[in-house]
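Contents: one structure, followed by commentary.
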Amino acid sequence: MPVSSLPSPYGIGTLGAEARKFADFLAAGGQSCWQLLPVGPTSYGDSPYQSFSSFAGNPYFIDLDILAEWGLLKPEEYQSLDWGSDPAQVDYAVLYQNRFQVLRLAVSRLSRGDKFEMRGTLWGADWLEDYALFMALKDKFGGAAWLEWPKELRLREPAALEQVKQELAAEIDFWKWVQHLFFSQWWSLKEYVNKKGISIIGDLPIYVALDSADVWANPDQFQLDENGQPTEVAGCPPDGFSEDGQLWGNPLFNWEKMMEDNYSWWLKRIAWQFQICDTLRIDHFRGFDAYYAIPYGETTARNGVWKPGPGIAFFKTVNKTLGKKDIIAEDLGFLTPSVKKLLKDSGYPGMKVLEFAFGNRDEGSDYLPHVYPSRCVVYTGTHDNDTIQGWMASASRKEVSFAREYLRLSKREGYHWGMMRSAWASPASLAVMQFQDLLGLGSEARMNTPSTLGTNWKWRALPDTYDEKLSKRLYREMRVYQRLPKKSKQPFPAGDKRTPPKPEQ
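The numbering used here puts the first residue of the sequence shown at -15, with every later residue one more than the last.
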């Protein structure tokens, strides 16, 4: 359940009352985990996988009612604004126009000495300085990507940076304060969720956006030329789903350089994520074994080539430096023997998607529940897949027939409950469902269709959809399949637990 999909009267889900209400629902339903999409500030296409920063939080998620409780806003200053006409869809254009003017008003009433309910501290965080300057410069240049900025700023010449830091001091402070507000609310919510016996599963994209503070501030960590342009970009090759492959466009990592400095940037990135969440899903795990490199400027992914990634040495460095962490490896797609070996050597649980299981009745599938290892995470579908009801309506007749037979599905029970039941009954240590599937929604509630733009990342739950009737049914299913939470809050205990920062008093 992404934060963005929570109900709220202000256009998008936030870290406020509805997030706590959802945590209450999860606890009442016998759940132990809440998985999220990445929570960074969105950029191109409003995708949480294309963010302006690997470290910053999404300003849209800051709850305005909490800001009013802190005395930073008056209700009439935000309740009367247009936040979109459809409560079941996020209108990102309206948010962009209205949200920041409200946040600027709130920040104007802050000073560095204010603490309110602020938790922890971000002052002095190295990523915060770069991010705030990056966002201030983006505003100065009308939202243009950093590759379009003047050369001296694009290439971070020290004299030019010092000049704009003085010139844009107030704007830089604004972006810093926005992050203070976000993480104050985030850590307060996380503490509430954890006290309910629920761990938060975060999501870390393997790649970062080209137009991001990450790339602009750390160009030596990426495959860029002397002008800052990528030499090759990320994607995946043509397959049965896309004859042109997928051209993601993210800059690729300079793994040789990263290895020389002991993967310091990556270690900071992962360590920060474990200050935000309890368990971390790392997206596109196979990219650490081998990555697909497409020449910059190509219009499709057809002409890419596979190149070796850092392999197990990277994860050994993570374990040595950060300690054992609760990590889930997104190991979907075509897996070579070397990828399977990397997964085994890492010790991380991989993913199983039930909707992928029914393409070939004769040869079987690694996604059929009876062959799951216990150390894996099963999903009926992820944010990149259709809902269960949508899949049943759009998959081939052969696949649907096999699914009905194998899973013993019936309309009386509901196809969505039958498929979820089969996931809960599987040997998988953890079973994660899309909230849309608990509601039995169709393709209209799909979160993302890869390689498309314009309709993704918008779905939202309507108010009062997570009610007592649904939580009771969910609890009964957990009891039947012996999935009620144990004492441990985390699905794959690995030590090194972090408690949320305490309020500053």
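From the three backbone atoms N, C-alpha and C, an ideal C-beta is built for every residue, glycine too.
Check, Outcome
"Cβ-based burial, N344 [other Cβ within 10 Å; buried from 16]", "exposed"
"Residue burial classification, F318 (beta-carbon count within 10 angstroms, cutoff 16)", "exposed"
"Bridge partner(s) assigned by DSSP for T263", "I185"
"Nearest candidate by alpha-carbon position, reference T301, set Y351, M242 and L264", "M242"
"Close Cβ partners of G393 (< 6 Å) along its chain, the five nearest in sequence each way excluded", "Looking at the sequence shown, residue 393 is not Gly but Leu. Correct list, in chain order: Y399 and G402."
"Cutoff 7 Å; reference I372; Cβ partners in own chain excluding five residues on either side", "T364, G365, Y399, H400, M403 and D421"
"Terminal residues of the beta strand (DSSP E) in which N82 lies", "Run containing N82: none in the beta strand (DSSP E); it sits in the alpha helix (DSSP H), Y76 to S92."
"Sequence-distant residues of its chain with Cβ nearer than 7 Å to F298 (five each side left out)", "Y247 and F272"
"In DSSP terms, what P214 is bridged to", "L208"
"Extent of the continuous alpha helix (DSSP H) to which V199 belongs", "A197 to A201"
"Pair within 8 Å by beta-carbon distance, L306 and V337", "no"
"Beta-ladder partner(s) of T26, from DSSP", "S35"
"Inter-residue Cα distance where the pair is S455 and R444", "19 Å"
"With 16 other Cβ atoms within 10 Å as the buried cut-off, status of A77", "exposed"
"Paired residues, beta bridge with Q230 - DSSP", "C220"
"Rounded straight-line distance, which links the Cα of L112 to that of S37", "10 Å"
"For S16 and I182, believed in contact at Cβ under 8 Å, the rounded distance", "6 Å"
"At least three beta-carbon pairs within less than 8 Å, the stretch 273 to 286 to the stretch 209 to 218", "yes"
"Inter-residue spacing [alpha-carbon to alpha-carbon] between W256 and A109", "11 Å"
"Beta bridge counterpart(s) of Q150 as assigned by DSSP", "None; Q150 has no bridge partner."
"Burial state of H367 (16 or more Cβ within 10 Å)", "buried"
"Helix, strand or coil at G127 [DSSP, three-state]", "coil"
"Cβ separation of D123 and E151, assumed to be a contact under 8 Å, to the nearest whole Å", "In fact, because the Cβ distance is near 12 Å, the residues do not count as touching under 8 Å."
"Reference I190, options I254, K174 and Q169, closest by Cα", "I254"
"Extent of the continuous beta strand (DSSP E) to which Q19 belongs", "C17 to Q19"
"Residue of S427, E389, K325 and V355 minimising C-alpha distance to N369", "S427"
"Residues of its chain near A274, where Cβ-Cβ distance is below 6 Å and the 5 sequence neighbours each way are ignored", "W290, P292 and G293"
"Option nearest M119 by Cα separation, candidates K328, D350 and D157", "D157"
"Burial state of G126 (16 or more Cβ within 10 Å)", "exposed"
"Cβ-based burial, Q163 [other Cβ within 10 Å; buried from 16]", "buried"
"Proximity to W170 [Cα-Cα], best of F84, G0 and V416", "G0"
"According to DSSP, residues forming a beta bridge with V362", "K336 and A415"
"W170 (DSSP reduced to helix, strand or coil)", "helix"
"Distance between beta carbons of R467 and W408, contact taken as under 8 Å", "6 Å"
"Contact set for Y62: own chain, Cβ-Cβ below 6 Å, skip 5 residues either direction", "L48 and V86"
"Cβ-based neighbour list, R342, same chain, cut-off 6 Å, excluding 5 preceding and 5 following", "First, the residue type needs correcting, since residue 342 is Phe and not Arg in the sequence shown. Cβ neighbours of F342 beyond the five flanking positions: E383, F386 and A387."
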